[in-house]
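Respectively, the protein sequence lines represent chains A, B and C. All you need for my numbering is the position in the first sequence, starting with 1, plus 330. All you need for my numbering is the position in the second sequence, starting with 1, plus 330. All you need for my numbering is the position in the third sequence, starting with 1, plus 330. Ideal Cβ positions, reconstructed from N, Cα and C, are used throughout, including at glycine. Note that the structure is predicted; figures quoted are calculated from it, not measured.
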Amino acid sequence: MRHLISPLDFSVGELDKLMDLANDIEATPEKYAHACAGKTLATLFYEPSTRTRLSHEAAMYNLGGNVLGFSSANSSSATKGESVSDTLRMISCYADICAMRHPKEGAATVACKHSGIPVINAGDGGHQHPTQTLADLLTIRSLKGHLDNMTIGLCGDLKFGRTVHSLIHALVRYPGIRFVLISPEELKLPGYIRSDVLDKKNIPYEEVERLEDALPKLDLLYMTRVQKERFFNEEDYVRMKDFYILDAAKMKLAPEDMYVLHPLPRVNEISVEVDDDPRAAYFKQAQYGVYIRMALILTLLEIEV
Amino acid sequence: MRHLISPLDFSVGELDKLMDLANDIEATPEKYAHACAGKTLATLFYEPSTRTRLSHEAAMYNLGGNVLGFSSANSSSATKGESVSDTLRMISCYADICAMRHPKEGAATVACKHSGIPVINAGDGGHQHPTQTLADLLTIRSLKGHLDNMTIGLCGDLKFGRTVHSLIHALVRYPGIRFVLISPEELKLPGYIRSDVLDKKNIPYEEVERLEDALPKLDLLYMTRVQKERFFNEEDYVRMKDFYILDAAKMKLAPEDMYVLHPLPRVNEISVEVDDDPRAAYFKQAQYGVYIRMALILTLLEIEV
Amino acid sequence: MRHLISPLDFSVGELDKLMDLANDIEATPEKYAHACAGKTLATLFYEPSTRTRLSHEAAMYNLGGNVLGFSSANSSSATKGESVSDTLRMISCYADICAMRHPKEGAATVACKHSGIPVINAGDGGHQHPTQTLADLLTIRSLKGHLDNMTIGLCGDLKFGRTVHSLIHALVRYPGIRFVLISPEELKLPGYIRSDVLDKKNIPYEEVERLEDALPKLDLLYMTRVQKERFFNEEDYVRMKDFYILDAAKMKLAPEDMYVLHPLPRVNEISVEVDDDPRAAYFKQAQYGVYIRMALILTLLEIEV
Chain A
331 MRHLISPLDF
341 SVGELDKLMD
351 LANDIEATPE
361 KYAHACAGKT
371 LATLFYEPST
381 RTRLSHEAAM
391 YNLGGNVLGF
401 SSANSSSATK
411 GESVSDTLRM
421 ISCYADICAM
431 RHPKEGAATV
441 ACKHSGIPVI
451 NAGDGGHQHP
461 TQTLADLLTI
471 RSLKGHLDNM
481 TIGLCGDLKF
491 GRTVHSLIHA
501 LVRYPGIRFV
511 LISPEELKLP
521 GYIRSDVLDK
531 KNIPYEEVER
541 LEDALPKLDL
551 LYMTRVQKER
561 FFNEEDYVRM
571 KDFYILDAAK
581 MKLAPEDMYV
591 LHPLPRVNEI
601 SVEVDDDPRA
611 AYFKQAQYGV
621 YIRMALILTL
631 LEIEV
Chain B
331 MRHLISPLDF
341 SVGELDKLMD
351 LANDIEATPE
361 KYAHACAGKT
371 LATLFYEPST
381 RTRLSHEAAM
391 YNLGGNVLGF
401 SSANSSSATK
411 GESVSDTLRM
421 ISCYADICAM
431 RHPKEGAATV
441 ACKHSGIPVI
451 NAGDGGHQHP
461 TQTLADLLTI
471 RSLKGHLDNM
481 TIGLCGDLKF
491 GRTVHSLIHA
501 LVRYPGIRFV
511 LISPEELKLP
521 GYIRSDVLDK
531 KNIPYEEVER
541 LEDALPKLDL
551 LYMTRVQKER
561 FFNEEDYVRM
571 KDFYILDAAK
581 MKLAPEDMYV
591 LHPLPRVNEI
601 SVEVDDDPRA
611 AYFKQAQYGV
621 YIRMALILTL
631 LEIEV
Chain C
331 MRHLISPLDF
341 SVGELDKLMD
351 LANDIEATPE
361 KYAHACAGKT
371 LATLFYEPST
381 RTRLSHEAAM
391 YNLGGNVLGF
401 SSANSSSATK
411 GESVSDTLRM
421 ISCYADICAM
431 RHPKEGAATV
441 ACKHSGIPVI
451 NAGDGGHQHP
461 TQTLADLLTI
471 RSLKGHLDNM
481 TIGLCGDLKF
491 GRTVHSLIHA
501 LVRYPGIRFV
511 LISPEELKLP
521 GYIRSDVLDK
531 KNIPYEEVER
541 LEDALPKLDL
551 LYMTRVQKER
561 FFNEEDYVRM
571 KDFYILDAAK
581 MKLAPEDMYV
591 LHPLPRVNEI
601 SVEVDDDPRA
611 AYFKQAQYGV
621 YIRMALILTL
631 LEIEV
């Protein structure tokens, strides 16, 4: 039985097949409308995440399946001291596949050990959030036509941003990838990722402090949120916050085919005036998130249509 | 694309068609059992409301569709500072139609602005609760055979009762409507509704303090709750509370065809001994609430059976 | 209309039919995959219980039906002062059958009084939890081939354990049942059950303090949790806690066909090393819990396949 714990659980070749399937689903959704009839997805969310939970649920419904589960730890047996491993063995009696979010790093790994059903890691602490990464890859591949030979700007909180770390790990497997890391000093990409991932694999990258400096050379811009709390002092925050807000004026500096991604929710780091720009792809990204999860569910359940 | 934000969004003619559809659903539910197969309803409840949420969910299930969503703001991304408008754009990727309840007045209006799917306002603060009004209208029309030429008693908290205000707005569009407003001084219908709606349209009405005085002349009685907290002093509350409790003795004063409605939940304003009276229509009203929401979903999704 | 409020609501003969149906569902689940198409189960959980709720939901989905409801009192109208009886009348408009868990003893009895749909008591305070008992009986009958002529060990908290009390009531209806009651002095089976149930029906039983002393003579062992808080003093707890932990060493003392049951969740009263023992039946028990609930839903809805 196969699980999805880390975005690297799938080889580049397997990912290609998964994304081909997702694009086929996008093109001909009616072909898949009953693929999971009689199957049930359990969504076990030990911490709330509407977006991720609903995305999995939408995926299962689009495949004709059912969904059960819980949306926060309060309403789960976790409070009675049951181990995640036992919960999964129980859930294996109730469902055919499960998506689990847990505040503890490594929880998904423990969960799948005795699970009788495939486990999708829907986020384990600050560790992994592989379905977001798969959605990001599918979005990029669908919009640009390929995943290699690209200059990708990563902007915002590169220090704590789990999404960005996962995406880097996933993208360096493709040839010709270059990064422009756009962040304040305080929120730079951690040294261990720079040395262990970028340097070791000879991935070219540069670090800049202003979004405007990076925009002209990007094929793709991946935005994330810069939280005020992350800054050491108010002064720095006030000085720099506008550097990381994407607006219509800044978009004029960007190439015509530079798509903008964002894992959402956004607060104010992308101005709403950008939403109508054809390069704004963050809502499409949410849609691709459903397609890739549909493909993932089919693949893990070994259902061929 | 069409939404339901206010009960007046539909013209009288459109309402007639909607209610005809609801009555056809009541008569031949099996005809509609698969009308929404493959469609998904999102229930976005930023504040809990079991009754309204479950009524929409039941409606969608009766049409063969699916349901996803959240039942309180805690388990939603609202806490991450996402705008309602963004949430709706995201939900448009996950569902085909949505029902939203939000504590803020006007939230539904904002939500539908960028929504890619029809929005049903399931209550926005003290503002509107249009599907309750539609359910009320359908119940009256189904039981009495018409919506015009009636004397309607509105009893209880007429000051803060959103349901009653909406119902007045909706009923004054029909000819020959007269109101008897039954409430304590403290909870009288607000002046702006009396002047802007009743007086302006020359709708006859009288105000009385005792339910007993009104009952003999009513074609229909709409009960609401009188909350103790609304009174200025305990003495007034004790003196008057029984005036607004409907019991078997009071029902003897009412005409034989005077149906009793109540939006529910009731606490003690209708004695349980009234439940067996054939004129007690408040549980039927809950049932009509499902039929009208089925009709509404079909209409907003432009599905013809 | 029929409800399930107490495990004794069904005669021994009716239980046999129910368990036959459950075993047929186990053998040929596909036969039942659409038995409840178009039907809706309401899960009304006034206190959270993931396991019981999901088990009912899984049962309904396996029968091709839909599910709606709430998983805690917070998100219900209970907070508005509505009576359980009114809630059930409302829910009767939304669903075809309901499973209700409520913290108050007797709530289910009140609920079904005016209900328009069958009510399954999914636990009412410390009173009854009949579907657990039905699951226990089905598990025993499926594994042992019969429910009579057996020596059954009940281990742990026999004083407060609702599950154990219900199981005793249910098992004494079969001939040749003997009990070994294994518990610390503080947590012994209450006198009123010993006198009113065991003594009155001449059911042989013995009381022992150590699990090891009981194991060799058992046909079946039913484990429950011993909570530290139940002990009068820390000393007693430390002295005795290991007596009630089942591990691989203790399993060596048990007969080869002595199955181990546990209502779950377990904390540490069964060591995980026992999980691989073929006599460990507690996860099978969870699976049988789904089959018996499927049989129950079909029976209460009077659906024949």
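6 Å Cβ shell around residue i - same chain, five flanking residues per side excluded
i: I622 (chain B); result: A352, L464, A465, L468
i: E559 (chain C); result: none
i: L548 (chain B); result: T481, G483, M588
i: P297 (chain B); result: As displayed, chain B neither begins before 331 nor continues past 635, which places residue 297 (chain B) out of reach and without an answer.
i: G619 (chain C); result: S385, A465
i: S402 (chain B); result: P378
i: S525 (chain B); result: none
Close beta carbons around residue i, own chain, < 7 Å, minus the five adjacent residues each side
i: Y434 (chain B); result: This sequence places Lys at residue 434 (chain B); Tyr is not what is there. Cβ within range, chain order: D454, G455.
i: K361 (chain B); result: V635
i: F573 (chain B); result: E539, R540, L541
i: P520 (chain A); result: K489
i: L594 (chain C); result: R381, Y612, A616
i: L398 (chain A); result: T370, A372, Y424, A425
i: P359 (chain A); result: N392
i: T493 (chain C); result: H459, Q462, T554, P593
Distance CB(residue i)-CB(residue j) smaller than 7 Å
i: G483 (chain C); j: I512 (chain C); result: yes
i: Q714 (chain A); j: S336 (chain A); result: Nothing in the structure corresponds to residue 714 (chain A), since chain A is present only between 331 and 635.
i: A584 (chain A); j: L626 (chain A); result: no
i: V604 (chain C); j: M581 (chain C); result: yes
i: K531 (chain C); j: V502 (chain C); result: yes
i: L517 (chain B); j: D543 (chain B); result: no
i: F613 (chain B); j: R419 (chain C); result: yes
i: I355 (chain C); j: M553 (chain C); result: no
i: A610 (chain C); j: V597 (chain C); result: no
i: L374 (chain A); j: M430 (chain A); result: yes
i: Y424 (chain A); j: N396 (chain B); result: no
i: L576 (chain A); j: I600 (chain A); result: yes
i: Y504 (chain C); j: D478 (chain C); result: yes
i: S413 (chain A); j: S445 (chain A); result: no
i: H364 (chain B); j: C442 (chain B); result: no
First through last residue of the alpha helix (DSSP H) which encompasses residue i
i: M570 (chain C); result: 564-570
i: C442 (chain A); result: 437-443
i: R709 (chain B); result: Chain B is shown only over 331 to 635; residue 709 (chain B) falls outside these bounds and no answer can be derived.
i: R332 (chain C); result: Note, R332 (chain C): premise wrong, no alpha helix (DSSP H); not H, not E.
i: E542 (chain A); result: 541-544
i: D339 (chain B); result: Neither: D339 (chain B) is in no alpha helix (DSSP H) and is coded neither H nor E.
i: H386 (chain B); result: 380-392
i: I421 (chain C); result: 414-421
Any non-hydrogen atom of the ligand FMN closer than 6 Å to residue i Cβ
i: I533 (chain A); result: This structure lacks the ligand FMN; in fact it carries no ligand of any kind.
Per DSSP, the bridge partner or partners of residue i
i: C639 (chain C); result: Outside the displayed range of chain C (331 to 635) lies residue 639 (chain C), so it cannot be described from this structure.
i: E356 (chain C); result: Paired residue(s): none; E356 (chain C) is not in a bridge.
i: M553 (chain C); result: C:C485
i: G399 (chain A); result: A:T373
i: E536 (chain C); result: C:V510
i: L576 (chain B); result: B:I600
Proximal residues to residue i (C-beta, below 8 Å), its chain only, five neighbours per side dropped
i: R508 (chain B); result: M480, T481, I482, I533, P534, Y535
i: L631 (chain A); result: C366, K369, D426, I427, P448
If you scan the stretch 451-504 of chain B from start to end, which runs of the beta strand (DSSP E) of 3 or more residues do you find wholly inside it? Taking only runs of at least 3 residues, the beta strand (DSSP E) segments lying wholly in the stretch 451-504 of chain B are 480-485.
Quick check on the DSSP output: what are the complete beta strand (DSSP E) runs of length 3 or more inside the stretch 502-533 of chain A, in order along the chain? List check, beta strand (DSSP E) in window: 507-512.
Residue ranges of each beta strand (DSSP E) within the stretch 582-624 of chain B, 3 or longer: Correct list: 589-591.
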